[in-house]
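Below you'll find the structure, written out as structure tokens, and then a few comments.
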Amino acid sequence: ARPENNITIKLSYVEIYNELMFDLLTDVGVSEQSGDLHIVEDARGAVQVKGLSTVIASSEEEALHVFFQGDTNRHVAEHALNKGSTRSHCVFTIYVESRSRVESNEKVICSKLHLVDLAGSERVKKTGTDGTTLKEASYINKSLSFLEQVVVALGDRNRDHIPYRQSKLTHMLKDSLGGNCKTTMIANIWPEAKMLEETTSTLRFATRMMRVTNDATVNVHLDPQLLIRKYERQIKELKQELAMHNTLANRSQVQYEEYTPDEQKELESKVKMYLEGDLQEMEVVSVRMAYEAFSCFRKLYNELQTELSQRPTRSMAPTAGAGEATQGEPVDRSEATAPREGE
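Using my numbering, the first residue of the sequence shown is number 79, and each one after it goes up by one.
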């Protein structure tokens, strides 16, 4: 236990049955759910199930109660090898958030522990399944095959693409297989001669899983609400310090807040006087005043442009050129071009 830290535990329990996702901790029964829970990724690449309910547990007893409550909602069937065979993959997730009680900062250390129960692969000739159980076995074997493809790709350093999105299981476990994580696999085998083929297949898969290596680092996030309160406190302290400096420098009238309409009107009149030459210098005492002054310049400029665009344009009269007649003095072109007598 770490008394200097405030630790919050949240739990979720999801079942992947026939490529549909069901919430095992909600008040709505599994038979009444549509199974259309969606997997999304945030900006940091963390995988989340949209709409999945989470339960806060304050003790180990509460966490176990939540787990057993959700476990009773799983799909279970009977076949020749197992009377209580689970027909789905399940992921029980423990979310841990740690905040310091001593330091009043915005840092939050987040951890996520996936406890994954994979349904075992089945050979139909041994289980003797048919109907609905056969369909379930088909989905189980297919998802396990996709999981093995992801594990093989992660173990190959030269692979660029990892096929996480081939199934709901691999997509949900994306950040728990090849992300910022530590992955441990527990392989259950049946040490009997008749199960030698299944045991060998399981051990081969576990060997491939051993080749997947990740470098895990601490997940430190920043609480946005605490950040806002921190920034508000810093702004208040800076304003107080700035006011103290202004008082010591005999600049107590300096304003840093936005101007009121009356103050803007007063500043606009000063800007007009400055532009018309009635005011030789205009002292700028703060950055806020500079912003407001430039806003006044822009406003006056736009008003001038609007006024000029609305003025009527003067029509220019044509200038009389050489050889052209002015109004009221026609020219006889025949006299000008007729040859003289004797020529």
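Glycine residues also receive a C-beta, built at the ideal position from the N, C-alpha and C atoms.
List the endpoints of the continuous beta strand (DSSP E) containing residue i.
i	result
SER254	Unbroken run through SER254 is the alpha helix (DSSP H), 252 to 255; no beta strand (DSSP E).
CYS57	Past the boundaries of the shown model lies residue 57; the chain is included only from 79 to 421, so the question cannot be answered.
LEU300	297 to 300
Using the DSSP secondary-structure output, state which residues sit across from residue i in a beta bridge.
i	result
VAL92	ASP101 and VAL169
SER189	VAL174
ASN84	ARG177
ASP195	CYS168
VAL154	THR164
So the candidates are the options; which of them puts its Cα closest to the Cα of residue i?
i	options	result
GLN227	LYS252, ILE240, ALA321 and GLU82	ILE240
ARG307	GLU184, GLY123 and TYR369	GLU184
ARG366	GLN388, LEU196, GLU341 and TYR334	TYR334
VAL92	THR150, LEU255 and SER279	THR150
LEU98	ARG282, LYS88, SER109 and LEU89	SER109
VAL362	GLY198, LEU386, LEU345 and LYS314	LEU345
ALA197	LYS213, LEU191 and LEU222	LEU222
ALA284	ASP253, VAL230 and ALA321	VAL230
VAL180	ASN84, GLN342 and ASN380	ASN84
VAL349	CYS374, ARG329, CYS188 and GLU336	CYS374
LYS377	GLU359, ARG389 and GLN342	GLN342
LEU225	GLY107, ARG286, VAL296 and THR248	THR248
LEU281	ASN324, GLN358, LEU255 and MET263	MET263
LEU130	LYS220, ASP234 and THR171	THR171
ASP293	ASN258, LYS314, GLU315 and ALA271	ASN258
Keeping to the same chain, check which residues put their C-beta closer than 6 Å to that of residue i; ignore five residues upstream and five downstream.
i	result
GLY406	The predicted model places GLY406 with a pLDDT of 48, which falls under 50 and marks its position as unreliable, so this point remains unresolved.
VAL186	GLU175, ARG177, HIS299 and ASP301
ASP195	CYS168
TYR95	HIS153 and SER166
GLY148	TYR91, LEU102 and LEU103
SER412	Note that SER412 has pLDDT 45, beneath the 50 cutoff, so the model's placement of it is unreliable and the number below is only indicative. Cβ neighbours of SER412 beyond the five flanking positions: none.
ILE134	LYS88
GLU188	In the sequence on display, residue 188 carries Cys and not Glu. Correct list, in chain order: GLU175, ASN297 and HIS299.
Could you pull out every residue in the same chain whose Cβ sits closer than 8 Å to the Cβ of residue i, ignoring the five residues on either side in sequence?
i	result
ASP120	GLN126
PRO269	THR277
VAL290	VAL229, LEU232, GLY233, LEU255, GLY256 and THR261
ALA141	ILE87, LEU89, ALA135 and ILE172
GLY420	Here the model assigns GLY420 a pLDDT of 46, short of 50, so the residue's position is not dependable, and the following value carries that caveat. Excluding positions up to five away in sequence, the list is empty.
Just reading off the alpha helix (DSSP H) that residue i is part of, what are its end residues?
i	result
ARG366	365 to 388
ASP293	Unbroken run through ASP293: none, as it is neither H nor E.
GLU354	339 to 354
VAL230	210 to 233
ALA141	138 to 149
Looking only at its own chain, which residues have a Cβ that is under 7 Å from the Cβ of residue i, when we skip the five neighbours before and after it?
i	result
MET288	none
ALA124	ASP253
*Give, in chain order, every unbroken run of the beta strand (DSSP E) that is at least 3 residues long and sits entirely within the segment 98 to 135.*
Taking 3 residues as the minimum length, the beta strand (DSSP E) runs contained wholly in the segment 98 to 135 are 98 to 101, 116 to 119 and 125 to 128, in order along the chain.
Exercise. For the segment 251 to 286, list the alpha helix (DSSP H) runs that are entirely contained and at least 4 residues long, ordered along the chain.
Key: The alpha helix (DSSP H) runs lying completely inside the segment 251 to 286 and spanning 4 residues or more are 252 to 255, given in chain order.
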